[in-house]
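If you're matching positions, the sequence shown starts at 1 in this note's numbering and goes up one per residue.
Inspection log for the structure reproduced underneath, given as structure tokens.
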Amino acid sequence: MTQKILVLPGDGIGPEITAQASRILAACQARGLDVEVEEGLLGGAAYDAHGEPLPAETLEKAKAARAILLGAVGGPKWDKIEDLSKRPEKGLLGVRKQLGLFGNLRPAITYPQLASASSLKPELVAGLDIMIVRELTGGIYFGQPRGIEERDGERVGFNTYVYSESEIERIGRVAFEMAQKRGKKLCSVDKANVLEVTILWREVMERLAPEYPDVELSHLYVDNAAMQLVRAPKQFDVVVTGNMFGDILSDAAAMLTGSIGMLPSASLNESGQGMYEPCHGSAPDIAGQGIANPLATILSVAMMLRYSLDEPALAQRIEDAVGKVLDDGLRTADIASEGMRTVSTAEMGDAVLAAFERM
Ligand code: NAI
Ligand code: MG
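What follows is the structure, given as structure tokens:
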């Protein structure tokens, strides 16, 4: 059956980088990938056209799609919108919420060719390959009650940190299954010495463990996990954690790799429907100049093929093509280094496409 793919270019560099990723997607179609690709508006681009960051038409298309490829949303042009519900990022949150995309996969991979770009010593990060599995639709970012109110003559801000057993179990299963497909090591990150929610989290992970006897489960408190991540990151394979800890740890892990323009991500629901996007934002400072790195978005297409379309061979082919282009010394400005050839967004897209065709 032909599956639908929705491309949402978004704002800033979004249209430039998704254009290159769409070319790779088209090359996959030419090799037999049975998908129908359409485009839609999200974020500031949608606000400008329809006064809404997530128009009903886009939401309908998103629901009908097996997978969504997003560029990025937001930028200074829309920061002045006073009604917070109309801000570009609300469009992105709306898609996540409406599709129930609770499982966020954030790989942190250091290509050996780029190890010197990291802030850590190259030997600590060369060959780094971590997968952070972050719960995305629950936890303290969504818990009720929340607010700022007057109590005993002063203002008090409060949020609620809450996870149900079923929410923990479903993200736990995503992580255990991921570990089975990778290095068979899963580290669950919590703060079970202080927070009841994460005592339950740890219990649920322990309860699931016997169902995945080939996976070695360990636990770390989040503060120690942060230390270990910068001390010896290669000790990790798959890391599973809640929304807030995952937000922070995944950004820290991304920075270890030294190149935000290289990192893809996925957000999945129970049926395998997913949204795929680069980890970076809309980079308004370089938008329109044709110099943005399209590789994170191209690698997001590879994740889409692997996790929503069950086409691991095509995914691998894209990843190998990216490796080949780096081997050949091509670099966009963000990863430029001496002795390498600095190329534009489109030239990088050309090169990946050519390598993909030659594989
Ligand atoms: P950013 O990731 O857009 O940019 C941070 C820095 O990295 C900038 O110097 C930028 O030029 C550079 N950069 C990012 N992606 C790059 C690429 N592909 N190639 C080369 N250089 C790249 O983060 P920032 O500046 O905090 O946010 C800018 C806008 O993006 C804001 O409106 C923010 O809300 C939005 N944003 C959107 C996200 C999304 O749509 N998922 C995620 C993060 C931020
Ligand atoms: Mg973040």
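By construction, the Cβ of each residue, glycine as well, lies at the ideal position given by its N, Cα and C atoms.
- About 6 Å separates the Cβ atoms of residue 322 and residue 295, confirming a contact at the 8 Å cut-off.
- Cβ neighbours of residue 242 within its own chain (closer than 6 Å, five residues either side excluded): 135 and 139.
- If you draw a 10 Å sphere on the C-beta of residue 151, you find fewer than 16 other C-beta atoms in it, and that means exposed.
- The Cβ atoms of residue 259 and residue 21 lie no closer than 8 Å to each other.
- With 16 or more other CB atoms across the displayed protein chains lying within 10 angstroms of its CB, residue 303 is buried.
- The closest heavy atom of the ligand NAI lies less than 7 Å from the beta carbon of residue 280.
- Three or more beta-carbon pairs drawn from the stretch 7-20 and the stretch 30-40 are found closer than 8 Å, and the two stretches are therefore classed as touching.
- Taking the Cα positions, residue 214 is about 29 Å away from residue 100.
- DSSP, read as helix, strand or coil, puts residue 358 in helix.
- Taking one beta carbon from each stretch, the stretch 167-179 and the stretch 140-150 have fewer than 3 pairs nearer than 8 Å; the two do not touch.
- Residue 109 and residue 65 have their C-alpha atoms roughly 28 Å apart.
- In this chain, residue 171 is not harboured by any beta strand (DSSP E); it is covered by the alpha helix (DSSP H) spanning 165-181.
- Distance between residue 293 and residue 113, taken at the CA atoms: about 16 Å.
- In this structure, residue 189 sits near residue 220, with a CB-CB distance shorter than 8 Å.
- Residue pairing by DSSP leaves residue 236 without any beta bridge partner.
- The beta carbons of residue 359 and residue 330 sit about 16 Å from each other, so the pair does not count as a contact at 8 Å.
- About 21 Å separates the Cβ atoms of residue 125 and residue 186, ruling out a contact at the 8 Å cut-off.
- Per DSSP, the continuous beta strand (DSSP E) segment holding residue 187 begins and ends at 185-190.
- Excluding residues up to 5 positions away in sequence, 140, 143, 144, 145 and 146 lie with their Cβ nearer than 8 Å to the Cβ of residue 160 in the same chain.
- Separation of the CB atoms of residue 288 and residue 74 is rounded to 15 Å, and the pair is thereby denied contact status at 8 Å.
- For a cut-off of 8 Å, the C-beta gap from residue 276 to residue 69 is around 5 Å, short enough to register as a contact.
- Note that the C-beta distance between residue 257 and residue 278 is not below 8 Å.
- Selection 335, 45 and 267 evaluated against residue 67 yields 267 as nearest (Cα-Cα).
- Annotated as proximal: residue 345 and residue 16, with beta-carbon spacing under 8 Å.
- Assigned with DSSP and collapsed to three states, residue 246 falls in helix.
- Between residue 265 and residue 106, the CB-CB gap stays under 8 Å.
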